[in-house]
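Reviewing the structure listed below.
There are 6 protein chains.
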Amino acid sequence: MVATVRSQKFIRGNNLRRKTLGEAGEERRRLLEAFHPDLMRYPIEFAFGDVLSRPGLDHKTRELITLALAIGGGVEREVKSHTRGFLNHGGTKKELVELLIQIAVYSGFPRMIAGTYGIIEVFEERGLFKPPKPLPAPKLKPKSKSKSKAGRAHK
Amino acid sequence: MVATVRSQKFIRGNNLRRKTLGEAGEERRRLLEAFHPDLMRYPIEFAFGDVLSRPGLDHKTRELITLALAIGGGVEREVKSHTRGFLNHGGTKKELVELLIQIAVYSGFPRMIAGTYGIIEVFEERGLFKPPKPLPAPKLKPKSKSKSKAGRAHK
Amino acid sequence: MVATVRSQKFIRGNNLRRKTLGEAGEERRRLLEAFHPDLMRYPIEFAFGDVLSRPGLDHKTRELITLALAIGGGVEREVKSHTRGFLNHGGTKKELVELLIQIAVYSGFPRMIAGTYGIIEVFEERGLFKPPKPLPAPKLKPKSKSKSKAGRAHK
Amino acid sequence: MVATVRSQKFIRGNNLRRKTLGEAGEERRRLLEAFHPDLMRYPIEFAFGDVLSRPGLDHKTRELITLALAIGGGVEREVKSHTRGFLNHGGTKKELVELLIQIAVYSGFPRMIAGTYGIIEVFEERGLFKPPKPLPAPKLKPKSKSKSKAGRAHK
Amino acid sequence: MVATVRSQKFIRGNNLRRKTLGEAGEERRRLLEAFHPDLMRYPIEFAFGDVLSRPGLDHKTRELITLALAIGGGVEREVKSHTRGFLNHGGTKKELVELLIQIAVYSGFPRMIAGTYGIIEVFEERGLFKPPKPLPAPKLKPKSKSKSKAGRAHK
Amino acid sequence: MVATVRSQKFIRGNNLRRKTLGEAGEERRRLLEAFHPDLMRYPIEFAFGDVLSRPGLDHKTRELITLALAIGGGVEREVKSHTRGFLNHGGTKKELVELLIQIAVYSGFPRMIAGTYGIIEVFEERGLFKPPKPLPAPKLKPKSKSKSKAGRAHK
Chain A
27 MVATVRSQKF IRGNNLRRKT LGEAGEERRR LLEAFHPDLM RYPIEFAFGD VLSRPGLDHK
87 TRELITLALA IGGGVEREVK SHTRGFLNHG GTKKELVELL IQIAVYSGFP RMIAGTYGII
147 EVFEERGLFK PPKPLPAPKL KPKSKSKSKA GRAHK
Chain B
27 MVATVRSQKF IRGNNLRRKT LGEAGEERRR LLEAFHPDLM RYPIEFAFGD VLSRPGLDHK
87 TRELITLALA IGGGVEREVK SHTRGFLNHG GTKKELVELL IQIAVYSGFP RMIAGTYGII
147 EVFEERGLFK PPKPLPAPKL KPKSKSKSKA GRAHK
Chain C
27 MVATVRSQKF IRGNNLRRKT LGEAGEERRR LLEAFHPDLM RYPIEFAFGD VLSRPGLDHK
87 TRELITLALA IGGGVEREVK SHTRGFLNHG GTKKELVELL IQIAVYSGFP RMIAGTYGII
147 EVFEERGLFK PPKPLPAPKL KPKSKSKSKA GRAHK
Chain D
27 MVATVRSQKF IRGNNLRRKT LGEAGEERRR LLEAFHPDLM RYPIEFAFGD VLSRPGLDHK
87 TRELITLALA IGGGVEREVK SHTRGFLNHG GTKKELVELL IQIAVYSGFP RMIAGTYGII
147 EVFEERGLFK PPKPLPAPKL KPKSKSKSKA GRAHK
Chain E
27 MVATVRSQKF IRGNNLRRKT LGEAGEERRR LLEAFHPDLM RYPIEFAFGD VLSRPGLDHK
87 TRELITLALA IGGGVEREVK SHTRGFLNHG GTKKELVELL IQIAVYSGFP RMIAGTYGII
147 EVFEERGLFK PPKPLPAPKL KPKSKSKSKA GRAHK
Chain F
27 MVATVRSQKF IRGNNLRRKT LGEAGEERRR LLEAFHPDLM RYPIEFAFGD VLSRPGLDHK
87 TRELITLALA IGGGVEREVK SHTRGFLNHG GTKKELVELL IQIAVYSGFP RMIAGTYGII
147 EVFEERGLFK PPKPLPAPKL KPKSKSKSKA GRAHK
């Protein structure tokens, strides 16, 4: 019976995860499962199937909490994931702005700023925001050093 | 005119802070103001008067966010403050339990445990929870060492 | 069948947890279960029953990792719990000293110091360490202020 | 009168921010204001206009503190911003090196290393540092995988 | 020759540490050395003897940095130690208040509050601050529960 | 005599560092030394020469601890460095997967996910892992916005 029980939890978790994280979540799932299946089993079964499926809080509120934890804790990748999740469960830009400003109070302005960058990327991704054209300021970065920097960034 | 403007913000912030943090908040305010008034001016004017008074999110949701940040970030003193705040704005024990379990997923079980201790203290404080009697286990702590430990704890 | 499956995982988790955390863990379990049973269900089923029971790493190594995370992450309560866990699974004082010194390198000396205080408390608790007598330095703390301070500490 | 009062604080804050963060700060301001103006109102009015304009500490010392918090807290984007700020208020490379080494002691070597990368980027940006040529080590990264990695990095 | 070399560094570090942390630092040193001498060897030789003795920053500025890291990083024990250190190297209360307010901006108000409590304890310890009398508010804490709570706090 | 003593420690540390971090570590060393030699002196002499050379724990266990601290503490650059270190000292993929899953329990799933990305990059780097082909999902990112985003990412 273990298999069936696990499957139900897995299916429930997978469905909720899909609805929450969308296509980008699927891409992550495929990558992690390719490395080792158990790396996705627990996020799907325990996080989404057990905890986030509990009825005590609605999904939008849960995503708001997760996003607060991600921005406040400086886990930038999750900021994008759960901005998607929050929007996918009915959250609004207005609420995101309020969250960001409140985080400035409780975790400091740098976390607010970093969170804003992540949230903006999701709005760009969805075609809901177009960043202003950069100022004609060619002095800021000399030559084509950006490439060497990018290459170095993850050593 | 500056004085008047400031007063309005201060009064608005102070009222919201009082409603949120209750008597323990007043005790803290008196202590910090006695040390230096500006240490309370910004929490009252900026945090409560400016940010937390913004209409975009209701007070209960804001306290839920703050509590998530406090538990996830390990700022234990604020766990108690904002458990009071969450309850004072209509939050329930059931929601707190959901928050704790969700924090286990996103910040790890140790943060959930630490948050639970803080929340329990507030429920005891209000006479809403009575801890179980300790087991008759005299071997755990030899003699009266606890005092020396307590004294050492903040050196 | 769910109940049975859950029971097996719960029993396995509970047994491992008991062996790891000892009497103090039981005291914590009783407190948290009195507040809400689910607060212990997931630590027992998921943390101990699922993850920590996996065969890929031995229990002593797992406790070493947990202790590193607790000291490095500043979750002081868990330092004590998992010092007990590490010793209960065969770890030694010598290894703890090495862990502490290595943490100074990777998380900074303050984390090493805080971790040392927690570890020392467990050694005192077991009668394996006796702190040196305090120096006759009565000037350090004026009068009996320590009580008011302690009272204030968790407001 | 509110508008005028706000303007003065805003103008003072904006001037100090401009002097501190320079052109890159302006670019950030334009982006965040385009997303929502309040995301810049508080950093300018409260952070720069209120707090950082207080006379009790000079601007160079304030930037040193901010940089310590950014490196110690792992907020990498702010490392670059406030390295610029520290240099713009008269700080020196020598002092930055001392700060980095001291951070190794109190926050661990990984934070020192991460901070060094951020500081170096600002020195490159200003043409004050030229990184050594990479060693002829073609085995390190096979083929052109870096692109797929970069694409994945922010999912 | 090793011994001599080590001694010089140790003596230099120990002297600076003594001047910085004072009597409370000696008490800590005796405790940690009693547990294992190497736990003090590196703080004295490397932290104080090597790094903090470097001439590039004066001792007062170094203590300001350390205090910023301690408050911003939430290592409460070190807040007290390095408040003493900052004052012992000529720092003032006014500068501490500015540091606290700036930390609110960059690490959030909860860190400012926690830091304030630690700093206040040192001022009390030195007889430089007397907390206001508690308000006559007997309802806040029912009966003598504080003892059981204190006992539970470090399980 | 100082010079000789230092050299021995430096040589021992440098050898261990080389064996641990490999070519990427050499690239980092060259960059940091070019900026300021002392930025590498302490990591080599103190971290590798003093602490990591202590006999009390084997190198593989030490790298496991460091990796736990890096993933749990969110210092992503070090995840890659010490994944290399762990593998270079005989660690296995199986143990890394166990470490990741255990970190989900104690530091939360987001840290597990971030750690997995870093570890995967090292496996790709060594030709030991090939990520699955991306799904044909062209809607996810409109046009060539990724460049502007990348450019913005480190402002």
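Residue numbers (the numbering used here), protein chains in the order written: chain A, 27 to 181; chain B, 27 to 181; chain C, 27 to 181; chain D, 27 to 181; chain E, 27 to 181; chain F, 27 to 181.
Each residue gets a CB set at the ideal place from its N, CA and C atoms; glycine is no exception.
Bear in mind that the values here come from a model prediction, so they are computed numbers and not experimental data.
Anything in chain F within Cβ reach of residue i, meaning under 7 Å, just list it in chain order.
i	result
residue 72 (chain E)	72
residue 62 (chain A)	123
Going along the chain, which residues of its own chain have a beta-carbon closer than 8 Å to the beta-carbon of residue i, five neighbours each way excluded?
i	result
residue 146 (chain C)	155, 157
residue 90 (chain A)	112, 117, 121, 125
Quick one: which chain C residues come within Cβ less than 8 Å of residue i?
i	result
residue 131 (chain D)	134, 135
residue 77 (chain F)	127, 128, 130, 131
Using a 10 Å radius around the Cβ and a threshold of 16 neighbouring Cβ atoms, would you call residue i buried or exposed?
i	result
residue 161 (chain E)	exposed
residue 109 (chain C)	buried
residue 80 (chain E)	exposed
residue 134 (chain F)	buried
residue 183 (chain D)	The requested residue 183 (chain D) does not occur in the structure, where chain D is confined to residues 27 to 181.
residue 129 (chain E)	buried
residue 97 (chain F)	buried
residue 127 (chain F)	buried
residue 27 (chain F)	Residue confidence for residue 27 (chain F) is low, a pLDDT of 40 falling below 50, so the modelled location carries little weight and cannot support an answer.
Go through its chain and collect everything with a Cβ distance to residue i's Cβ below 7 Å, but skip five positions before and after it.
i	result
residue 78 (chain E)	42, 88
residue 144 (chain E)	102, 105, 106, 109
residue 36 (chain A)	70, 71, 75
residue 95 (chain F)	none
residue 58 (chain F)	65, 66
Find the residues of chain E that neighbour residue i, judging by a C-beta separation of less than 7 Å, and give them in chain order.
i	result
residue 89 (chain B)	Residues of chain E passing the Cβ test: none, with the nearest at roughly 14 Å.
For residue i, which residues in chain C fall below 9 Å Cβ to Cβ?
i	result
residue 94 (chain F)	90, 91, 92, 94, 95, 98
Counting only the same chain and skipping the five closest in sequence on each side, list residues whose C-beta sits under 6 Å from that of residue i.
i	result
residue 92 (chain D)	108
residue 10 (chain E)	Residue 10 (chain E) cannot be examined here, being either before or after the span of chain E that is shown, 27 to 181.
residue 74 (chain A)	39, 42, 43
residue 55 (chain B)	66
Taking Cβ-Cβ distances shorter than 8 Å, what residues in chain F pair up with residue i?
i	result
residue 82 (chain C)	120, 121, 123, 124
Strictly below 8 Å CB to CB, what residues from chain A border residue i?
i	result
residue 142 (chain F)	58, 61, 65
Can you name the residues of chain B whose CB is closer than 9 Å to the CB of residue i?
i	result
residue 101 (chain C)	100, 134, 136, 137, 139, 140
residue 113 (chain E)	The premise fails here: residue 113 (chain E) is roughly 14 Å from chain B at the closest Cβ pair, so nothing lies under 9 Å.
residue 161 (chain E)	49, 52, 53, 56
Using a Cβ cut-off of 7 Å, pull out every chain B residue sitting near residue i, in sequence order please.
i	result
residue 158 (chain E)	56, 57, 60
residue 37 (chain E)	Those within 7 Å of residue 37 (chain E) in chain B number zero; the least Cβ separation is about 23 Å.
May I ask you to verify whether the segment 95-104 of chain A touches the segment 40-59 of chain D, counting CB pairs closer than 8 Å and requiring at least 3?
no
Do the segment 65-80 of chain C and the segment 125-145 of chain B touch if we need at least three Cβ pairs shorter than 8 Å?
yes
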